[in-house]
Structure formats: structure tokens, C-alpha cells
Amino acid sequence: MMNLIVVLLMFVVIGAVIAIWTRDLLSAVIAMGVVGFARTVVFVLLRAPDVAITQVVVEVLLLIILIRSAVRREVHTVEGARSVPGAAMAAALVAVMLILGVIAIRELAPFGQPAMARVSDAPSRAYVDKGLAETGSANIVTAVLLDYRGYDTLGEATVLFTAVVGAVALLRRKSRKEPPATETAAEAGASAPENE
Amino acid sequence: MKHLATEEREGMSTIVGTVTHWVCGFIILYGAYIVLYGHLSPGGGFAGGVILACGFMLLMLAYGKRRLVAALPLSTASVLDCVGALGFWLLAVLGLLIGGGVFFKNFIPHGVRFRLCSAGIIPLANIAIAVKVCASLVLVLVALSVLRVKARGSDEDFVTDIDEV
Numbered sequence: 009m010m011n012l013i014v015v016l017l018m019f020v021v022i023g024a025v026i027a028i029w030t031r032d033l034l035s036a037v038i039a040m041g042v043v044g045f046a047r048t049v050v051f052v053l054l055r056a057p058d059v060a061i062t063q064v065v066v067e068v069l070l071l072i073i074l075i076r077s078a079v080r081r082e083v084h085t086v087e088g089a090r091s092v093p094g095a096a097m098a099a100a101l102v103a104v105m106l107i108l109g110v111i112a113i114r115e116l117a118p119f120g121q122p123a124m125a126r127v128s129d130a131p132s133r134a135y136v137d138k139g140l141a142e143t144g145s146a147n148i149v150t151a152v153l154l155d156y157r158g159y160d161t162l163g164e165a166t167v168l169f170t171a172v173v174g175a176v177a178l179l180r181r182k183s184r185k186e187p188p189a190t191e192t193a194a195e196a197g198a199s200a201p202e203n204e
Numbered sequence: 004m005k006h007l008a009t010e011e012r013e014g015m016s017t018i019v020g021t022v023t024h025w026v027c028g029f030i031i032l033y034g035a036y037i038v039l040y041g042h043l044s045p046g047g048g049f050a051g052g053v054i055l056a057c058g059f060m061l062l063m064l065a066y067g068k069r070r071l072v073a074a075l076p077l078s079t080a081s082v083l084d085c086v087g088a089l090g091f092w093l094l095a096v097l098g099l100l101i102g103g104g105v106f107f108k109n110f111i112p113h114g115v116r117f118r119l120c121s122a123g124i125i126p127l128a129n130i131a132i133a134v135k136v137c138a139s140l141v142l143v144l145v146a147l148s149v150l151r152v153k154a155r156g157s158d159e160d161f162v163t164d165i166d167e168v
């Protein structure tokens with residue numbers, strides 16, 4: 009199973025590189041789909057069905073929105089030469105993140121094992137042991153999300169709420185109080201002093 | 004004028020429409036199942052809410068945005084968005100008021116384990132989050148896929164205001 013996970017993670021890396029490299033927007037979106045679905049299968053193999061369900065549904069929604077916006081536009085390909093300084097900076101950033109990642113991974117539990125295998129008094133140990141008794145929820149992920157870590161979920165819901173409120177408010181051209189013809193009224197007001 | 008042509012040909016072919024007609028209800032049903040059994044089996048409010056939004060998105064892709072707006076008017080979606088967010092917050096505050104001064108206190112008795120009606124406020128919180136996520140994503144979807152930026156001086160009749168949808 010470990011080999012299968014490694015193969016899928018290779019798919020993730022290759023898909024991400026293709027998504028950056030290709031100049032066709034639709035190919036880039038499809039490559040991102042490969043990344044997302046390979047990660048979904050990895051989550052299933054690592055026995056995290058909650059994460060896998062969320063990953064697959066968000067991936068489907070995102071892919072279709074991106075495909076729609078990529079296909080509908082007149083621009084289908086990315087034009088222009090690649091800038092050398094930008095590529096050098098990206099390569100340097102990737103190198104730095106790779107080094108930091110290797111350092112961080114040394115501190116983590118072995119791949120595929122829970123973090124509480126490494127730390128003896130980890131809170132997750134208490135969640136697994138007492139979760140059903142304390143919250144009554146058989147799904148321990150839901151028990152953590154909505155009971156032990158309810159503040160985080162409230163914050164996450166607030167983030168989504170704020171984003172949507174901002175988007176809808178920005179896209180509303182007319183205000184509720186004023187009559188709809190705001191622009192023409194402003195133009196009339198600008199030309200009015202000449203008449204008076 | 005090209006825009007008008009695509010507008011009249013809203014939605015996809017008859018095959019897609021028929022399959023959507025059969026499948027859409029099951030998608031909504033599956034989303035509701037994921038939400039309501041979120042405390043018993045994998046899933047939960049967020050995942051279920053996204054599945055519900057996928058059902059509405061399928062309606063829009065297959066029949067066009069008018070069908071989506073007929074099924075879930077955008078004003079209703081706005082209201083549901085607020086109701087879901089406030090409902091979740093209200094559950095937390097009720098824990099503060101009823102449950103003895105603890106924010107997010109699970110103040111409803113847990114009930115029998117592994118039953119649908121158990122685990123106190125957790126199923127209610129799942130429902131609130133699902134309503135909120137579904138309405139939010141439908142609004143985002145409409146904002147991203149229907150609205151267009153009108154070029155200065157162009158007389159093409161694009162939808163540029165979310166109230167016009």
C-alpha cells in the first residue's frame with residue numbers, strides 16, 4: 009500500500025508541475041484535477057474518509073467552476089515569454105520550502121502514523137479515548153470539529169461568511185436606498201451647473 | 004450579439020437535461036444524508052453542504068441559470084447564508100446561557116449512542132453549517148460564472164449586477 013501511495017504522490021507532483029508549465033488554461037485545470045483526485049485516493053488509503061469526502065466534493069465544485077471560466081473566456085492560452093527573474097525567484101522559494109519541509113518532517117511522526125504515536129500526552133489521545141463518552145458522537149472527526157475544536161469551526165464559518173458577504177456586496181452595483189440610475193444622475197449633476 | 008446567441012441556448016443538450024432530471028434529487032438526498040449522519044458516519048456539515056451546492060450547480064449547468072434561480076432565488080440564498088451562520092453562533096451562545104457559562108457547551112442531553120437523534124447539539128450544528136455552506140457556495144458560483152465585467156464603451160448586454168440575475 010505504501011508503494012501505491014508513493015505512486016499517487018508522484019502523480020500529484022507531476023500534475024502540479026504540468027499545471028504550472030502548460031500554456032493552455034484547460035490543460036492546467038485538468039492537471040489540477042489530477043492533483044486533487046490523486047490526493048483523494050491517498051486520503052482514502054490513509055483511512056481518512058472524512059477528509060477524502062470533503063476533498064472530492066470541493067475538488068469537483070472547484071474544477072467545474074474553473075473549467076467554465078477557462079472555457080468561456082476568449083483567452084485560452086497564456087501568452088508572453090516566461091520571465092527569467094520570476095522563474096529564478098520561484099525556484100529559490102521552492103528550494104527554501106523544500107529544506108524547511110525536510111527539517112519539519114524529521115519532527116513529525118512516521119508517514120501514515122498518527123501524531124500521538126510520537127507524543128505520549130498528545131490531546132488527540134484523549135479525544136480518541138474519551139470522545140464518544142464525552143460528546144456522544146460516534147464520528148470522532150465530527151466530535152473534534154464541533155465540540156472540542158468548536159471555536160475553530162466557528163472561525164472557519166466566519167471566514168466563508170465574510171468572503172461571500174464581501175463578494176455579493178462588491179457585485180451589487182446599485183445601492184438599495186438610491187434609485188438605480190446613479191451614474192446618469194451623477195452625469196446630470198456634473199452638467200447641471202452650466203445651465204444654472 | 005454572440006452573447007445573445009449563447010443566452011438563448013442556455014443549458015446543455017436533452018441528454019444532459021434528462022440525466023440531471025433523474026440524478027439531481029439523489030444528489031440532494033445524498034447531501035442531506037451526509038449532513039444528518041455527520042455525527043455517526045464520515046461526513047458532516049461542510050462536506051454535505053458542498054454536495055448540496057453541487058446539486059444546485061448541476062441544475063445550473065444542465066438547464067441554465069434561470070432554473071437555478073427558480074429553485075433557489077438569490078435573495079433566499081442570502082437569507083439562508085445568514086440563517087446558517089447565525090444558527091451556528093446561536094447554538095454556541097445557548098451553551099453559554101443554558102449550559103452554565105461555557106461557550107460551545109453541549110447543553111442538550113447526549114441520548115442513546117449511535118442513534119440518529121443523539122450527541123446533543125452536534126447534529127443541529129451540522130445542519131446549520133450545511134445550510135450556510137450550501138447557500139454561500141451557490142452565491143459564489145453565481146458570482147463567478149454568471150456575472151461579467153462590462154468593458155467601457157461596449158454595448159453588450161452583460162449581467163453586471165447580482166440583483167439582475
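Line by line, the protein sequences are chains A and B. Residue numbers for the first sequence, in my numbering: 9 to 204. Residue numbers for the second sequence, in my numbering: 4 to 168. Built from N, CA and C at the ideal position, the CB exists for glycine as well. Just so you know, these numbers come straight off a predicted model, no measurement behind them.
With its beta carbon less than 7 angstroms from one in chain A, residue 46(B) belongs to the interface. Contact annotation: residue 132(B) and residue 48(B) have beta-carbon atoms nearer than 7 angstroms.
Restricting attention to 124(B), 53(B), 106(B), 139(B), the CA atom closest to the CA of residue 37(B) is found in 53(B). Cα atoms of residue 15(A) and residue 46(A): separation of roughly 9 angstroms, rounded to the nearest angstrom. Among the CB atoms of chain B, none fall inside 7 angstroms of the CB of residue 132(A).
For residue 41(B), a Cβ of chain A is located within less than 7 angstroms of the residue's own Cβ.
Counting the other Cβ atoms within 10 Å of the Cβ of residue 163(A) gives fewer than 16, which makes it exposed. Exposed is the label assigned to residue 99(A), since fewer than 16 other Cβ atoms lie within 10 Å of its Cβ. DSSP, reduced to helix, strand and coil, places residue 17(B) within a helical segment of the structure shown. Around residue 155(A), the same chain offers 143 as residues with beta carbons nearer than 6 angstroms, after the five sequence neighbours per side are excluded. In chain order, 165, 168, 169 make up the part of chain A whose C-beta sits under 8 angstroms from the C-beta of residue 135(B). Boundaries of the alpha helix (DSSP H) harbouring residue 174(A): 158–179, taken from the DSSP string. In the pairwise beta carbon analysis, the segment 72–87 of chain B is classified as not touching the segment 99–108 of chain B: fewer than three pairs are separated by under 8 angstroms. The three-state secondary structure of residue 129(A), taken from DSSP, is coil. Per the coordinates, the alpha-carbon of residue 134(A) lies some 21 angstroms from the alpha-carbon of residue 54(A).
Excluding its 5 nearest sequence neighbours in each direction, residue 91(B) has C-beta neighbours in its own chain below 8 angstroms: 128, 131, 132, 135, listed in chain order. Cβ proximity to chain A below 7 angstroms picks out 107, 109, 113, 114, 116, 117, 121, 122, 123, 125 from the segment 106–125 of chain B. Straight-line measurement puts the Cα of residue 18(B) at about 11 angstroms from the Cα of residue 25(B). At least one CB of chain B lies nearer than 7 angstroms to the CB of residue 57(A).
Residue contact with chain A for residue 54(B): present (Cβ-Cβ distance below 7 angstroms to some residue of chain A). At least one CB of chain B lies nearer than 7 angstroms to the CB of residue 69(A). Straight-line spacing of the CA atoms in residue 168(A) and residue 147(B) works out to 15 angstroms.
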